[in-house]
Each structure stands twice: as C-alpha cells, then as structure tokens.
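Add 19 to the 1-based position in the sequence shown for the numbering used here, that's all there is to it.
Read the structure below first, then the notes.
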Amino acid sequence: IVLLASLLVSVFMTILVNTAFELPSLLIPFSFSVLLIAMIFNPQIGLIYNLINLILIAHFLNWNFLAPAMLALTSCGGLIALKGLRKKQEFYPMTLYLLIAFLVINTAVSLIRFQTIEVYLLHLAYGLVSCLISIGGLMLLVPFLQRKLNLATKQILLELLDFENPLLKKMSLITPGTYHHALIVGNLAESAAEAIGANHLLARVGSYYHDIGKIDNPKFFIENNPEATELHDNMMANESAILIRRHIEDGVRLARKYKLPYAVIDIIEQHHGTNKISYFLNKAQETNLEIDPEEFYYKGPKPRSKEAAIVMIADIFESTTKSLDEFDEQILRELLDEVVLRLIQDNQLDEAPITMQELKKIKEYMLPIIMGVYRRRLEYPEHRDVDN
Numbered sequence: 020i021v022l023l024a025s026l027l028v029s030v031f032m033t034i035l036v037n038t039a040f041e042l043p044s045l046l047i048p049f050s051f052s053v054l055l056i057a058m059i060f061n062p063q064i065g066l067i068y069n070l071i072n073l074i075l076i077a078h079f080l081n082w083n084f085l086a087p088a089m090l091a092l093t094s095c096g097g098l099i100a101l102k103g104l105r106k107k108q109e110f111y112p113m114t115l116y117l118l119i120a121f122l123v124i125n126t127a128v129s130l131i132r133f134q135t136i137e138v139y140l141l142h143l144a145y146g147l148v149s150c151l152i153s154i155g156g157l158m159l160l161v162p163f164l165q166r167k168l169n170l171a172t173k174q175i176l177l178e179l180l181d182f183e184n185p186l187l188k189k190m191s192l193i194t195p196g197t198y199h200h201a202l203i204v205g206n207l208a209e210s211a212a213e214a215i216g217a218n219h220l221l222a223r224v225g226s227y228y229h230d231i232g233k234i235d236n237p238k239f240f241i242e243n244n245p246e247a248t249e250l251h252d253n254m255m256a257n258e259s260a261i262l263i264r265r266h267i268e269d270g271v272r273l274a275r276k277y278k279l280p281y282a283v284i285d286i287i288e289q290h291h292g293t294n295k296i297s298y299f300l301n302k303a304q305e306t307n308l309e310i311d312p313e314e315f316y317y318k319g320p321k322p323r324s325k326e327a328a329i330v331m332i333a334d335i336f337e338s339t340t341k342s343l344d345e346f347d348e349q350i351l352r353e354l355l356d357e358v359v360l361r362l363i364q365d366n367q368l369d370e371a372p373i374t375m376q377e378l379k380k381i382k383e384y385m386l387p388i389i390m391g392v393y394r395r396r397l398e399y400p401e402h403r404d405v406d407n
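Below you can see the structure in the form of structure tokens.
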C-alpha cells in the first residue's frame, strides 16, 4: 500500500507541477517519495524505488529525462545521509545532503550545457525548493506512518532502547532480575547479530523486551523472587508450567498495547519456540501426576528470523550460566556448545534462515561477552585503620 501510494503521489505531483500549473519540472518534490520509502523500509529499497520513480516521472514528462535525472541523483544524497543515520529523526543531515547534492549536480549540468549564470541560479532555486518541500512532507508524514504501521525502523528501534521508555522503566521496577537478564541478553544478541550481518538493533531491542510478560506475575520467577521455588512447591507441576508458559502470551499482549513493532513482537512470541519446560515436566513425572504433555511445552512458533534465533540462544545461555558454581572459559564454551547442539537436535532452529557457519560465529562472539560478565575481579585488601 505504501509503495503504491508513493508512486501515485509522485505521478500526481508531476501532473500538478508540469501540466496543471505549467511550472518547471525541477520543482517536482521528487525526493519526497524516494526518502519516504527508504525511511519506511531501508535505503537499499529506496535506491531501487528511486530508479522506478525516475522512469515513471520521465514518462509523464514525455520522456524528458534531464530534470527527473537531476532530482533522482539528488535523492541519492539523501539516501547516503539516511544510511548513516544514528539518532531518532535526523532531517537536518538529509536536508543538507540533498541541497549539497543538487548544488553539485546543477553546477555540473550547467557547465556541460554552457548555461548562463541567470539560468544556473534559477534552476538552483527550483531544485532547492523541491528539496525543501520534500523534507517538509517527510517531517509531517514519516513519524505518523512508522507508528501506524508498527515498523521496526532504525528510528523506532533507537527510541525503544532509551531506558526512559515507559515499558522498560516498568520492567526495571517490577522485575529487576528479569531486567538485568534482558540487558545481558541484549549485549550477547547484538554482538552475535552484527557478526553474521543480521539486524543488530532489532536483536538488542528484541532482547530487552523478550520477557516483558513476566511483569504480570513477577513473584513466580526466580530471578525476581528468591522464594519463587516455595510458591511453586505449593502448586501442581502443570499449573506452574502453564503459569510460566503464559509469560509469552502476556508479553505479546503488552507489546501490542504499547504498540511495539511487529518484528519485536515476533521475537517475544518465538524466543522459546516449542521448547520443553523441563523442570516442571520432571517434577510431574516424579510425583506420578497424570498430565497432558502439551501443557509442558511452549506453544511456539519456532524462531523464523536470524534475530529471533539469536535471542533464543542468548536467552537460554545466559539463564543457564546462573546455575553454574564455577566459571572459566572452558566451562562456558562447553555450556554454549551444549545449548546450541540441544536446540539443533530439538529442531528449534529449523525455521530460522541461519547456517551452521553462522551458528559457529554466533558462539565465537557471545563467549567473550559472557566471560566479561562472570570474570573474577581483583580481591582488594580489607580496609585498615591508619592508626594501627
């Protein structure tokens, strides 16, 4: 819908400027739809759309390619700026890149065609107006569309990493143990995702929010309540399993309530896949409880993206390290190998587009980070009174 609407807007603006008002073609806000597509999807798709837009507009200009080609090349400047975007809505760098790009292109065309200084300045003014109208339209429309479509754009992901985010603050206050766990998982997942060329921002955000469902029942999770085991001892094993499993559904519900991007919701829903809730299944079997085996498995689906698979690995690995009595590189390496091997044997990674080579690289990049978390500190001498 967005792609089609953008094409229609380009056609409409071309007809409006060139036919209805009979204004110069350089006044067409060409960059608006190109940068809109790039910001909603990514700069690579924006570049492809730029070429399509060029051909489409040239068609409505009786195949006069000069003006749309100049504007298309100018749009590439905005795409370059967008690719290096780091903060929320950096429209100023895009504006600057667009203006500089058009200045260079207009100067080159003017020199090649031996245009007079008056024509050069007039074309420059037209191009600058086109760029400013495009940026103005983006400033009004992009924030609305990004939130309306719940897209995992770079800008929205960066906002979700802000520790002042209401949902993260709520998590830090109600479930401090889960919050600390999520931060470590985020470090593991981001490093691994960057190593294999996955979306590292999405991996970190997905890690931060993957356990938000525990906010509803924090006291039943051991990382938030040391007495959680006693609570579960007073419950049937299948009741405990259902309660633990429910944090996925609660997380998805909270994510939708707070309008998190769909890609982040997918990670919340998929980060346990269809794994077994082993502790309570073993408890049920030990007590000879008559059970429905399905109650002791997460509902899934299994991870369907590299980012979801990475979060699953990081989540299980970090959680499992909590049960270790000793920490050294060899123990942690063997534990990580065991986690990944078990997920492969349980077919949990079958639907994720991830290769064995990438899994090897993921392990290589996760290990140093977890080593940093559990590395022994120097033992400082006890404080002594200076008079003794």
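Glycine is no exception: its CB is placed at the ideal position from the N, C-alpha and C atoms.
Just so you know, these numbers come straight off a predicted model, no measurement behind them.
Given a threshold of 16 other Cβ atoms within 10 Å of its Cβ, counted over all protein chains shown, does residue i qualify as buried or as exposed?
| i | result |
| --- | --- |
| MET375 | exposed |
| PHE133 | exposed |
| GLN367 | buried |
| GLU353 | exposed |
| GLY97 | buried |
| THR33 | buried |
| PRO62 | buried |
| ASN407 | Low local confidence applies: a pLDDT of 41 at ASN407 is under 50, so the model's placement there is unreliable, with the coordinate-based value given in what follows. Exposed: under 16 other Cβ atoms inside 10 Å. |
| ASN69 | buried |
| THR38 | exposed |
| GLU288 | buried |
| GLU209 | buried |
| VAL204 | buried |
| LYS238 | exposed |
| HIS251 | buried |
| HIS402 | The predicted position of HIS402 is uncertain, since its pLDDT is 48 and thus under 50; a value taken from the coordinates is nonetheless stated next. With fewer than 16 Cβ atoms within 10 Å of its Cβ, HIS402 is classed as exposed. |
| GLU377 | buried |
| VAL359 | buried |
| LEU397 | Only weak support is given to the placement of LEU397: the predicted model assigns it a pLDDT of 47, under 50, and the question is left unresolved by the model. |
| ARG223 | buried |
| SER342 | exposed |
| GLU41 | exposed |
| GLN165 | buried |
| VAL138 | exposed |
Please state whether DSSP places residue i in a helix, a strand or coil.
| i | result |
| --- | --- |
| TYR316 | strand |
| LYS295 | strand |
| MET32 | helix |
| TYR410 | No information on residue 410 is available, as it lies outside the stretch 20 to 407 that the chain covers here. |
| SER52 | helix |
| GLY196 | helix |
| LEU27 | helix |
| HIS266 | helix |
| GLY146 | helix |
| SER324 | coil |
| GLU183 | coil |
| ILE154 | helix |
| ILE381 | helix |
| GLU305 | helix |
| LEU164 | helix |
| GLN367 | coil |
| ILE388 | helix |
| ASN169 | coil |
| PRO418 | Since the first and last residues shown for the chain are 20 and 407, residue 418 lies out of range. |
| LEU42 | coil |
| PRO245 | coil |
| ASP334 | helix |
| ILE20 | coil |
| ILE47 | coil |
| ASN236 | coil |
| ILE286 | helix |
| ILE310 | coil |
What are the boundary residues of the alpha helix (DSSP H) that residue i is part of?
| i | result |
| --- | --- |
| MET255 | No alpha helix (DSSP H) contains MET255, which DSSP labels as neither H nor E. |
| GLY216 | Careful: GLY216 lies outside any alpha helix (DSSP H) and carries neither H nor E. |
| ASN69 | 62 to 79 |
| GLY96 | 85 to 102 |
| LEU179 | 173 to 179 |
| SER342 | Neither: SER342 is in no alpha helix (DSSP H) and is coded neither H nor E. |
| ILE363 | 348 to 364 |
| THR126 | 110 to 132 |
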